[in-house]
Amino acid sequence: MRVMRIIVGILIGVVIGAALESLNIFFAFLLPPLFVLLPLAVLIGGCVGALVKGTKDARFLGETQNLEHLPAGAVEFIKRVLKKMRYRREVRQDVQAELTAHFEDELKDCTTDEQKQQKAQQLITNFGDLKLLAILLRRAKKRCRPLWRTIVARTF
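Residue numbers (my numbering): 273 to 428.
Okay, here's the thing in structure tokens:
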């Protein structure tokens, strides 16, 4: 997946470079010499793909580390909700951050690990049915879609 973004960037660069090279045949007096634009576009596409990969990885890195100090039952519950939710990765990351913050807020007053485990179990039972929770979270996140994405999703 990480390499995929770079490859997609390079492929986009190849397409743009080929289009510019074909324009270069007709408008040779406006553009640089032949076969200069294709490697340049491939290089720029690869760099853009690497930058997109780096920014997305850096953004999601911090959110997965927040689960380390939660009880094991809470971590397992959050992972199961995200798996049942079956939605885009960015949305699942947002839901994970929200659920983690909710558990952290409730567990901050607990002093021992045993109290944290009991409070986490109580929170999990208060959430109710796992499948229903995942469906409701997915439905809520679908309502938050931008208008253009809603139009595209309903069109195709």
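Every residue, glycine too, gets a C-beta built ideally from N, C-alpha and C. Note that the structure is predicted; figures quoted are calculated from it, not measured.
Item                                                                                                : Value
Beta-carbon proximity list for Glu-378, same chain, < 7 angstroms, skipping 5 on both sides         : Lys-391, Leu-395
Lys-388 - DSSP class collapsed to helix/strand/coil                                                 : helix
Length of the line joining the Cα atoms of Leu-419 and Lys-413                                      : 13 angstroms
Continuous alpha helix (DSSP H) stretch holding Phe-349: start and end                              : 344 to 357
From Arg-358, Glu-370, Gly-285, Arg-361, residue whose alpha carbon lies closest to that of Val-347 : Glu-370
Enclosing alpha helix (DSSP H) for His-374 [first to last residue]                                  : 361 to 379
Whole-angstrom C-beta distance between Leu-408 and Thr-372, which should lie under 8 angstroms      : Contact flag wrong, Cβ pair sits at about 18 angstroms.
Burial state of Ile-350, where buried means 16 or more other Cβ atoms lie within 10 Å               : buried
Nearest-angstrom Cα separation, counted from Lys-356 out to Arg-364                                 : 10 angstroms
Anticipated Cβ contact below 8 angstroms, Val-353 with Leu-405, distance rounded                    : 6 angstroms
Span separating the alpha-carbon of Thr-383 from that of Arg-361                                    : 34 angstroms
Residue from Gly-400, Phe-399, Leu-283 whose Cα sits closest to the Cα of Leu-315                   : Leu-283
C-alpha distance - Val-265 paired with Arg-410, whole-angstrom precision                            : There is simply no residue 265 to check, as the chain begins at 273 and stops at 428 in what is shown.
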